[in-house]
Amino acid sequence: MANKSTADKVATIQKGYALEGATIELGAAIVDGELHKDAPVRLPLSMMNRHGLVAGATGTGKTVTLHMMAEQLSTAGVPVFLADIKGDLSGLATAAAGSDKLAKRTESIGQAWSGKTFPVEFLALGGDGDGIPVRATITSFGPILLSRVLELNDTQESSLQLVFHFADKNNLELVDLKDLRAVIQFLISDEGKEPLKELGGLSKATAGVILRELVGLEAQGMERFFGEPEFDTAELLRTAPDGRGVISCLELPTLQTKPMVFSTFLMWLLADLFEDLPEAGDLDKPKLVFFLDEAHLLFNDASKAFLEAITTTVRLIRSKGVGIFFVTQTPKDVPADVLGQLANRVQHALRAFTPEDAKALKATVSTFPVSDYDLEETLTSAGIGEAVITVMNERGAPTPVALTRLRAPESVMGPSAAELVRSTVAGSALLAKYGTAVDNVSAYEKLTGKAAAPTGAAAAGQPPSPSPEVFVPGSPGPTAIDDEARRIEEEILGRPSSRQPGSGRAENGRPDGGRVSAPPAGRQAPQPGGMMEDITGALGGALGSGLKSMARSMGTQLGRELLRGVFGTSSRRRR
Numbered sequence: 001m002a003n004k005s006t007a008d009k010v011a012t013i014q015k016g017y018a019l020e021g022a023t024i025e026l027g028a029a030i031v032d033g034e035l036h037k038d039a040p041v042r043l044p045l046s047m048m049n050r051h052g053l054v055a056g057a058t059g060t061g062k063t064v065t066l067h068m069m070a071e072q073l074s075t076a077g078v079p080v081f082l083a084d085i086k087g088d089l090s091g092l093a094t095a096a097a098g099s100d101k102l103a104k105r106t107e108s109i110g111q112a113w114s115g116k117t118f119p120v121e122f123l124a125l126g127g128d129g130d131g132i133p134v135r136a137t138i139t140s141f142g143p144i145l146l147s148r149v150l151e152l153n154d155t156q157e158s159s160l161q162l163v164f165h166f167a168d169k170n171n172l173e174l175v176d177l178k179d180l181r182a183v184i185q186f187l188i189s190d191e192g193k194e195p196l197k198e199l200g201g202l203s204k205a206t207a208g209v210i211l212r213e214l215v216g217l218e219a220q221g222m223e224r225f226f227g228e229p230e231f232d233t234a235e236l237l238r239t240a241p242d243g244r245g246v247i248s249c250l251e252l253p254t255l256q257t258k259p260m261v262f263s264t265f266l267m268w269l270l271a272d273l274f275e276d277l278p279e280a281g282d283l284d285k286p287k288l289v290f291f292l293d294e295a296h297l298l299f300n301d302a303s304k305a306f307l308e309a310i311t312t313t314v315r316l317i318r319s320k321g322v323g324i325f326f327v328t329q330t331p332k333d334v335p336a337d338v339l340g341q342l343a344n345r346v347q348h349a350l351r352a353f354t355p356e357d358a359k360a361l362k363a364t365v366s367t368f369p370v371s372d373y374d375l376e377e378t379l380t381s382a383g384i385g386e387a388v389i390t391v392m393n394e395r396g397a398p399t400p401v402a403l404t405r406l407r408a409p410e411s412v413m414g415p416s417a418a419e420l421v422r423s424t425v426a427g428s429a430l431l432a433k434y435g436t437a438v439d440n441v442s443a444y445e446k447l448t449g450k451a452a453a454p455t456g457a458a459a460a461g462q463p464p465s466p467s468p469e470v471f472v473p474g475s476p477g478p479t480a481i482d483d484e485a486r487r488i489e490e491e492i493l494g495r496p497s498s499r500q501p502g503s504g505r506a507e508n509g510r511p512d513g514g515r516v517s518a519p520p521a522g523r524q525a526p527q528p529g530g531m532m533e534d535i536t537g538a539l540g541g542a543l544g545s546g547l548k549s550m551a552r553s554m555g556t557q558l559g560r561e562l563l564r565g566v567f568g569t570s571s572r573r574r575r
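With UniProt numbering, letter number 177 in the sequence shown gets 177, and the count goes up by one each step, no holes.
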């Protein structure tokens, strides 16, 4: 290795990156201190769903790298999701201006540069910013993710899962924080003594702790992140009329005030995609590339259940056509089980000012394939806009390690004008759909008997809230069972259902609208041979015909339980 000439080293890189299919151009190789624009370094578009890591010390150019990659993905027709933590990724919507310095850099690496704008959708969590509000229902968010937001311990997390179980079983829709608070208050009240006792593992003291944490979250103004209309993550998969992928840019202007909330919300978006998308196998290009900036926030003090869920999601979402790139300072910020699944590596410079830094440097070097570089020296001396790269080639093998001078973005490396952002949001088709919060009847109204608070005109596609009616815990509406059975057959068992679609879906999109009502006229009777008949037949035969109604109820509950995903999430679109 030490005896190889510069020409031999360059030839190794040229051969290693001679790819046949569509690629993301990353830059040109630097070998023995010299830039070689005839040795381009690139990443196969078809391998973007093998995930990746963009790492490096603060100020080394990580954000510019994901900016540049997002531009090319969009041009290739691939939608992109970015978390805009520092506020400078909005520049994707503004064409960059050329300069002599820029022309010299781009010419040196063989980049044909021109200023361009890209299709950007600006989003904001709960409307905390200028973008389209992104909200999640509590039910959709699930107990595992919510436990992380509330910073609960393992015992409290298990107890919260029991609360969700109770709400699921009793058709108590958990839309926002007041719904979850109402359910917990019911369970620790005199009226809720028997249901609390039946749950078994939930103590009144633990329920009280969870309730206090919820009140604290509301006091911090976090309630605006939860509610309806819930953001449909399919919006992240859109392309513009010209065929370019839409870049969804999520503003996080107040990240530092509650980093765990924001990082967990990003994981909810990913988990929801994971549950909704069908298997896709190997594709010529991914359906979506998801950049998770400040990735260390996901893993800091994470519970075992949360880490296991992340690992499962990363491992399995690849086959659904989604690529995930974690952006952080060092590889050690990412758990080994996750890091082992990241095939594409863009490592910017590291600093070794402290013994801890030196330890991190050695650990980083050990994760790279054997190369022609002295990586300890290279990683500490690389300049801004340079990175050590190895990716997965089209045959599934790692490419040669290459110190690379990276391409320059063609849009502004900084924020777009505030007026441009506001006008883009105002012209978005999503504003009518998600711009106005609505407060439909849910657990709070059912348990307290109060009407939903007026929220103004409902968002497009959302009907007005129905009036609350009498609710009996444990009594699903008569049409809900058939709807649940049809959903189990189609979504869990993967076979067509003979039941009429939508037979138990009321105007507000919930089974029976959360109310006890008579079956609609002309509703088709359940046909024999479906899943519920299978469950009823099996349990009825074992327990006796007199218990068939119990078997049917158990089957419905089983379906509801099974529809929760790896994070305990359960999108209202899947319920």
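Yeah, the Cβ is synthetic: ideal placement off N, Cα and C, and Gly gets one too.
As the structure is a prediction and not an experimental result, all values here were calculated from the model.
Under the three-state DSSP convention, the category Ser442 falls into: In the three-state DSSP reduction, Ser442 falls in the coil class, being neither helix nor strand.
C-beta atoms of Ile210 and Leu162 nearer than 7 Å: Judged by their CB atoms, Ile210 and Leu162 are not nearer to each other than the 7 Å cut-off.
Start and end residues, beta strand (DSSP E) containing Asp38: 34 to 44 is the span of the beta strand (DSSP E), which, as asked, contains Asp38.
Pairwise C-alpha distance: Ala29 and Ile13: Whole-angstrom Cα-Cα distance: 8 Å.
For Lys4, three-class secondary structure by DSSP: Residue state, collapsed to three classes: coil.
Among Val78, Thr63, Thr6, Asp8, nearest to Ile24 - alpha-carbon criterion: That would be Val78, whose Cα lies nearest to the Cα of Ile24.
Meets three-Cβ-pair contact criterion under 8 Å: the region 440 to 448 and the region 113 to 125: No: the two stretches stay apart, fewer than three of their Cβ pairs being nearer than 8 Å.
Coil, strand or helix - Thr264 by DSSP: In this structure, Thr264 counts as helix in the three-state DSSP scheme.
N- and C-terminal bounds of the alpha helix (DSSP H) containing Phe306: Run containing Phe306: 304 to 317, per the alpha helix (DSSP H) assignment.
Assigned secondary structure, Asn344 (DSSP; H/G/I helix, E/B strand, else coil): Residue state for Asn344 is assigned as strand, using DSSP reduced to three classes.
Among Asp242, Lys287, Pro259, nearest to Ala234 - alpha-carbon criterion: Comparing alpha carbon positions, the residue from Asp242, Lys287, Pro259 closest to Ala234 is Lys287.
Residue of Met69, Glu34, Val54, Ser74 minimising C-alpha distance to Gly243: Measuring C-alpha to C-alpha distances from Gly243 to each of Met69, Glu34, Val54, Ser74 identifies Ser74 as the nearest.
Reduced DSSP category for residue 596 - H, G, I as helix; E, B as strand; rest coil: Since the first residue of the chain shown is 1 and the last is 575, residue 596 is not available in this structure.
CB of Leu214 within 7 Å of CB of Leu177, strictly: Yes, Cβ-Cβ distance for Leu214 and Leu177 is below 7 Å.
Buried versus exposed, by CB contacts within 10 Å (16 or more), Asn170: Counting the other Cβ atoms within 10 Å of the Cβ of Asn170 gives 16 or more, which makes it buried.
Presumed contact (8 Å Cβ cut-off) between Leu273 and Val314, rounded CB distance: Rounded, the Cβ-Cβ distance is 12 Å, inconsistent with contact.
Range of the contiguous alpha helix (DSSP H) that encloses Ser423: From DSSP, the alpha helix (DSSP H) with Ser423 extends over 418 to 426.
Backbone CA spacing between Leu196 and Val421 [nearest angstrom]: Approximately 49 Å, taken between the alpha carbons.
Cβ pair Glu410, Glu71 closer than 7 Å: Result yes, Cβ atoms of Glu410 and Glu71 sit closer than 7 Å.
C-alpha gap between Leu269 and Gly227, whole angstroms: C-alpha of Leu269 to C-alpha of Gly227: approximately 15 Å in a straight line.
Proximity below 7 Å, CB of Lys9 to CB of Ile109: No, they are not a contact pair.
Alpha-carbon spacing of Gly396 relative to Leu199, whole angstroms: Each residue's Cα considered, the two are about 49 Å apart.
Start-end ranges of the alpha helix (DSSP H) lying completely within the region 202 to 232, minimum 4 residues: Runs found: 204 to 219.
Distance CB(Gly52)-CB(Val41) smaller than 7 Å: 7 Å or more divides the Cβ of Gly52 from the Cβ of Val41.
Proximity of Phe299 and Pro335 at Cβ, strictly below 7 Å: Cβ distance < 7 Å, so Phe299 and Pro335 count as in contact.
Met413 (DSSP reduced to helix, strand or coil): Coil.
Residue interval of the beta strand (DSSP E) (run including Asp84): Segment 80 to 84, the beta strand (DSSP E) holding Asp84.
Ala358 versus His296: straight-line alpha-carbon distance, rounded: Whole-angstrom Cα-Cα distance: 19 Å.
Same chain, Cβ closer than 6 Å to Gly87, five either side skipped, listed in chain order: Cβ contact annotation for Gly87 (same chain, cutoff 6 Å, sequence separation greater than five): Pro415, in chain order.
Span separating the alpha-carbon of Glu230 from that of Met222: Answer to the nearest angstrom: the Cα atoms are 15 Å apart.
Cβ distance (whole Å) where Asp284 is taken to contact Gly21 below 8 Å: Contact annotation, Asp284 with Gly21: C-beta distance approximately 7 Å; criterion of less than 8 Å satisfied.
7 Å Cβ shell around Leu375 - same chain, five flanking residues per side excluded: Closer than 7 Å at the Cβ level, and outside the excluded window around Leu375, lie Val365, Phe368, Val388.
Buried/exposed call for Ile384, threshold 16 Cβ in 10 Å: Exposed, by the Cβ-count rule.
Spatial neighbours of Leu431 in its chain, beta-carbon cut-off 8 Å, leaving aside the 5 residues before and after: Once the five neighbours on either side are set aside, the close Cβ partners of Leu431 are Ile132, Val425.
Cβ separation of Ile324 and Leu292, assumed to be a contact under 8 Å, to the nearest whole Å: Confirmed, Cβ separation roughly 6 Å.
C-alpha distance - Leu562 paired with Ser371, whole-angstrom precision: Model confidence at Leu562 stands at a pLDDT of 37, short of 50, so the residue's coordinates are unreliable; what they give is reported in the following sentence. Here the alpha carbons of Ser371 and Leu562 stand approximately 47 Å from one another.
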